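Once you know that position 348 of the sequence shown is 347 in numbering that gives the first Met the number 0, the rest is easy, because the numbers rise by one and skip nothing.
Take a look at the structure set out below.
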Amino acid sequence: MNKVRTRFAPSPTGPLHMGGVRTALYCYLFSKINGGDFVLRIEDTDQNRYVEGAEEYILESLKWCGISPDEGFGIPASQEGGGGEYGPYRQSERKEIYSKYANQLIESGNAYYAFDTPDELVEMRERLKQAGVPGLQYDAVSRTGMKNSLTLSAEEVQANLDNGVPYVIRLNVPENEEIRFHDLIRGLVVVHSSNIDDKVLFKSDGMPTYHLANVVDDHLMKITHVIRGEEWLPSAPTHVLLYRAFGWEESRPEFAHLPLILKPDGNGKLSKRDGDRLGFPVFPLNWTDPESGNVSAGYKEQGYFKDAFINMLALLGWNPGDNRELFDLKELVEAFTIERVNKAGAKFDPDKTKWFQEQYLRSTSNDELAALFMPILKEEGIEKSIDYVSKVCGLMKERVTFVKDMLNGMYLFKAPTEYDEKTLRKKWKEHTPAIMQDLKDILLNIETFNAETIEVKFKSFLEEKELGFGAVLPNFRLLVTGQGMGPSMFEICELLGKDEVISRINSGLSKIANA
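Below, the structure is given as structure tokens:
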């Protein structure tokens, strides 16, 4: 069996959507679990839609996600392998390759020249529409009334070519035939040739279309498995016909068409508009539109860990066969099978995505979180030791989604200046100041000021005074933190230290009394 080779072949027409990242991920996982190669190729045959900066964005996105190509575009010559032996890996740099194959199809009768003008194509579709034909396509029926090398004489065709009349080369789709192929996800796919139009393969500007370039490149680069989105499924029969026309059927790659990622609140493919409307990113990194300057949010800049993002994407359309949900990239490589990719679309769940982020944040060591949190604190004008910030992270990480959310615990760095109104209204009573003074005296006399001792003394105080937790703890928290809720008060007190806790109780009692 040939060595497994998959490829991810995005078009640089804008930012890489999370659906594209998932395709790249599945290609990567499939190649790795089978001991193969993962190739990155840029498909930029549509130069009119090329967007400045999109290629760099693709490379940066895959790099952040940890999806590293073994070969292809963007791999420096200095790296082992030097990019690969089947380059160039940008289609616009392979122009001279495609004309040879387009001509080969002309000579074998599997393609033909078409000289129709844009106006004539519009007229053809209008005629079909008036006749009630459901498919307004250039096909075995409609081509008989058009200007192409199947209806013109050889002399007329040659004259048009000699005179530089604009043309395209179209695939000569056979009449009345069933096109069959096996899809690794969908099983047997059967499409009648009457439902396939004579796709344009090559344009007179010397550029191939996606269909020709895609098939030629996959063949020349020895790609064994084409794993791509469901939106390419209608094109697959055309590609099957092209492999047959070239005589490459034995080496034709296997197809796997991935399910769509669906919007969270209905049917249809997830789009940037859905993200803007519902408040979540659909791109891996921030994207700045080169024309408008508008910035679209990315998962990285929103504070997501790359492992959480990749884990979420992997389970959007694939399941491991058990209830396990947490996988890092290495574990995904070991667990992934194409057979467990679903046919049905996968509905994106923003809340579940945050759940993944929370799991990864909580499993990250306090010291690692502190290293990420320190620069955020510095922007707020706060400088503390890594040891102190690490302890703060240990207190806060069970209660936040992102590292930046730990700023909710600002009271661990600064004494409160305001006090939660709701707690004041519900819990602060006439006798509360006296209770807090008595509690302060208890705290002052604690020699070993740690969480365990503080908790024991606090509970003894409640028992002695015949008070409930609800009458004392919320107000104690209010004075020390300004908040109505938060992590363990006993651990907060240990972290702040006795002097700071006593100071805050005194200050809080005074401010609340004078409010």
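All C-beta atoms in this analysis are idealised placements derived from N, C-alpha and C, irrespective of residue type, glycine included.
Just so we're clear, the structure is a prediction, and the values are computed from it rather than from any experiment.
Residues of its chain near residue i, where Cβ-Cβ distance is below 6 Å and the 5 sequence neighbours each way are ignored
i: leucine 531; result: Because the chain spans 0 through 514 in this model, residue 531 falls outside it and cannot be assessed.
i: glutamate 42; result: Ala8, Ser10, Gln90
i: tyrosine 27; result: Phe37, Ile66
i: proline 473; result: Thr422, Lys426
i: isoleucine 511; result: none
i: isoleucine 57; result: Pro9, Leu15
i: arginine 251; result: Tyr242
Boundaries of the alpha helix (DSSP H) in which residue i is found, first to last residue
i: glycine 393; result: 385-395
i: histidine 218; result: 209-219
i: lysine 439; result: 431-443
i: leucine 478; result: 468-480
i: lysine 202; result: Unbroken run through lysine 202 is the beta strand (DSSP E), 199-202; no alpha helix (DSSP H).
i: lysine 595; result: This structure leaves residue 595 out entirely; the chain is present only between 0 and 514.
i: alanine 334; result: 328-334
i: leucine 160; result: 153-161
Simplified DSSP state of residue i, which is helix, strand or coil
i: asparagine 102; result: helix
i: phenylalanine 304; result: coil
i: valine 167; result: strand
i: arginine 503; result: helix
i: phenylalanine 254; result: strand
i: tryptophan 63; result: helix
i: alanine 113; result: strand
i: arginine 339; result: helix
i: glycine 274; result: helix
i: serine 295; result: strand
i: glutamate 379; result: coil
i: glutamate 417; result: coil
i: glycine 18; result: helix
i: glutamate 70; result: strand
i: tryptophan 247; result: coil
i: phenylalanine 489; result: helix
i: tryptophan 317; result: strand
i: arginine 93; result: helix
i: phenylalanine 282; result: strand
i: threonine 352; result: helix
Residue i versus residue j: straight-line alpha-carbon distance, rounded
i: isoleucine 434; j: aspartate 275; result: 50 Å
i: lysine 268; j: aspartate 45; result: 23 Å
i: serine 270; j: glycine 83; result: 34 Å
i: glycine 481; j: tyrosine 418; result: 4 Å
i: serine 234; j: aspartate 217; result: 15 Å
i: lysine 94; j: tyrosine 298; result: 36 Å
i: glutamate 177; j: leucine 232; result: 16 Å
i: tyrosine 88; j: glutamate 300; result: 29 Å
i: glycine 265; j: proline 165; result: 45 Å
i: arginine 361; j: valine 500; result: 27 Å
i: leucine 39; j: phenylalanine 180; result: 25 Å
i: threonine 400; j: serine 509; result: 35 Å
i: threonine 150; j: glycine 205; result: 23 Å
i: aspartate 498; j: isoleucine 260; result: 55 Å
i: tyrosine 410; j: glutamate 462; result: 29 Å
i: proline 263; j: methionine 311; result: 14 Å
i: isoleucine 445; j: valine 455; result: 11 Å
i: glycine 485; j: leucine 477; result: 10 Å
Those residues which DSSP pairs with residue i across a bridge
i: threonine 5; result: Phe37, His224
i: leucine 261; result: Lys268, Lys346
i: glutamate 367; result: Answer is none; glutamate 367 lacks a bridge partner.
i: asparagine 147; result: Ala113
i: threonine 287; result: Val294
i: phenylalanine 412; result: In DSSP, phenylalanine 412 forms no bridge with anything.
Own chain, CB closer than 8 Å to residue i, minus 5 neighbours either side, in chain order
i: alanine 101; result: Ala110, Ile168, Leu200, Phe201, Pro207, Leu211
i: isoleucine 32; result: Val332, Glu333, Phe335, Thr336
i: aspartate 138; result: Val172, Ser193, Ile195, Asp196, Asp197
i: asparagine 365; result: Ser389, Lys390, Cys392, Gly393, Lys396
Extent of the continuous beta strand (DSSP E) to which residue i belongs
i: glycine 186; result: 186-191
i: aspartate 182; result: 177-182
i: phenylalanine 448; result: Counting along the chain, phenylalanine 448 falls outside any beta strand (DSSP E), and DSSP gives it neither H nor E.
Residue i at chain D interface by Cβ criterion, 9 Å
i: lysine 413; result: In the displayed structure, chain D is absent; only one protein chain is listed.
Proximal residues to residue i (C-beta, below 7 Å), its chain only, five neighbours per side dropped
i: valine 156; result: Tyr112, Ser148
i: arginine 142; result: Leu149, Asp197
i: arginine 124; result: Leu135
i: alanine 345; result: Pro258, Ile260, Leu261, Leu315, Gly316
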